[in-house]
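Read the structure below first, then the notes.
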Amino acid sequence: MAALQPLRDYIRRNVDNLRSSPCLLISSSPPPDSSTKAVADIKLQRQQDEPRARAFVERNAQHLALEFNLRTVPCHISSAYPTMASVNESVSLAKRAGLKGRGGGGAESGQGLIIGLGSGAAMDLAKAVADTLFGDISPCERDNRADPDGSTSLVLAPCTLSGLWAATSNSSVSLLDTKEEMLLPYLPAPWRIAAPAKRIGTVVTMDPSIFMTTPPLYVPFQPAKRLDYSCAPTMAHVAAAALAIVLDIARSLDSVTSVGTENNVDLHDLVKVEMKEVASLFTSVLKLATYEATNVGGDKDDNNAKLAQRHLLDAIPRISLVIELSSLITNMPLTTAGTLPQKLANSLLPTHFPQCHLITFLADLLFPVCAT
């Protein structure tokens, strides 16, 4: 696997500003193999993919520090979801490394850089640490666009589908509550909500050429064996999970009896148009996956996988916008509400499906959502 070129390009263009501040580099590594006996072919796939993914992330993390002479302090996460303890430990490490929060040491807007590299867990942990230190994190900027005043303090470089999902989402981060055995939203302290006007920017770098190591378009999913699905989700899983959320958003919008002002009417129409386009992209991925599934034993069409990947890279960031705008119409804040599939996953995953990926779990909810 090649290097994350967009991330390197971004750092190269802003290296003077980035060198002047300490940097917390949060990267991911695959979790230890669980005691659950996995299906043979999936376990073999994990044995082949995980060392390669770990080596890729480690190599890029080392190159960033050495090539650009950044003042980096490494931080690793190997679990599927960050916990409050891991956030506190990372914040403590960041402060010892010299990162200063908003108002700390005379720095009104905070000082330091946080880079998240790897999986969704690394993205969530980086976002939670940045929110704790810097407070008001602005919505993501894609494709390496830096703030002109150099105020960017969070750079996310996802390497997996779940990483892209987490990096481009403006909703609250999900943390694993080990006592309640639930995934709960990470809410900033009340005093952080009333932040100064200056907002800290976020940049998401994307490299489709190496993205997800070209994950499989389709793998037969057996609900009875979902404990074995701790490996990265397929493109079909992501598409089905997103459609479950889109359908639930459509249901919630239909339940709104009045959209109120003219601005809300325009917003309602905008969400509907965007929702249809996003659903069309995800449906296309499922159609390509269906062809892949019915063509068992036949020649695999690489063009199908490439087309599906392009549709996913286009649609995943857009679904975050649909979720955010729909919450404004329904008056249900993202930090406390979320969608029904997400809330169901938050309550069931840690206890009942500990080895199941969030995206795979949501994908399995698609048909019940359609039925209701």
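In the working numbering, the protein residues as written are 257 to 628. C-beta atoms are modelled at their ideal positions from N, C-alpha and C, and glycine is treated no differently.
Beta-carbon proximity list for residue i, same chain, < 7 Å, skipping 5 on both sides
| i | result |
| --- | --- |
| Leu584 | Leu523 |
| Arg574 | Glu530 and Val534 |
| Leu326 | Leu274, Arg275, Cys279 and Leu320 |
| Ser511 | none |
| Pro597 | Ala500, Ile501, Asp504, Leu618, Leu621 and Val625 |
| Ala492 | Leu473, Tyr474, Val541, Leu542 and Ala545 |
| Gln261 | Asp463 |
| Leu668 | This structure cannot speak to residue 668, because the chain is shown only from 257 to 628. |
| Ala353 | Pro278, Leu280 and Val329 |
| Ile267 | Leu274, Leu320 and Phe324 |
C-beta contact flag for residue i and residue j at 9 Å
| i | j | result |
| --- | --- | --- |
| Leu431 | Asp504 | no |
| Phe623 | Phe617 | no |
| Val343 | Ile371 | no |
| Leu614 | Ser418 | yes |
| Val527 | Ser582 | yes |
| Arg264 | Glu323 | yes |
| Ala413 | Thr458 | no |
| Leu369 | Ala317 | no |
Classification of residue i by the beta-carbon crowding that lies within 10 angstroms, buried from 16 upward
| i | result |
| --- | --- |
| Cys626 | exposed |
| Ala498 | buried |
| Ala311 | exposed |
| Ser346 | buried |
| Ser425 | buried |
| Thr607 | exposed |
| Lys435 | exposed |
| Leu568 | buried |
| Asn587 | exposed |
| Asn559 | exposed |
| Lys356 | buried |
| Ser536 | exposed |
| Ser409 | buried |
| Ser576 | buried |
Nonlocal neighbours in the same chain, by C-beta distance under 6 Å from residue i, ignoring five residues either side
| i | result |
| --- | --- |
| Ala321 | Thr328 |
| Ala495 | Phe538, Val541 and Leu542 |
| Asn602 | Met438 and Leu439 |
| Asp433 | Leu440 |
| Glu548 | Leu473 and Tyr474 |
| Ser348 | none |
| Val271 | Phe324 |
Beta bridge counterpart(s) of residue i as assigned by DSSP
| i | result |
| --- | --- |
| Val411 | Ile371 and Val459 |
| Arg327 | Pro278 |
| Ile333 | Ser284 |
| Phe430 | The question names Phe, yet the displayed sequence has Ser at residue 430. According to DSSP, which records beta bridges pairwise, Ser430 is partnered with Pro441. |
| Thr339 | Leu432 |
| Lys356 | Gln367 |
Contacting residues, own chain, Cβ-Cβ under 8 Å from residue i (five flanking each side not counted)
| i | result |
| --- | --- |
| His332 | Ile282, Ser283, Ser284 and Ser285 |
| Ile572 | Leu417, Leu420, Trp421, Thr424, Val494 and Ala498 |
| Val578 | Val502, Ile505, Val527, Glu530, Met531 and Val534 |
Discussion item. With three or more C-beta pairs closer than 8 Å as the rule, is the stretch 325-342 touching the stretch 376-390?
Written reply: yes
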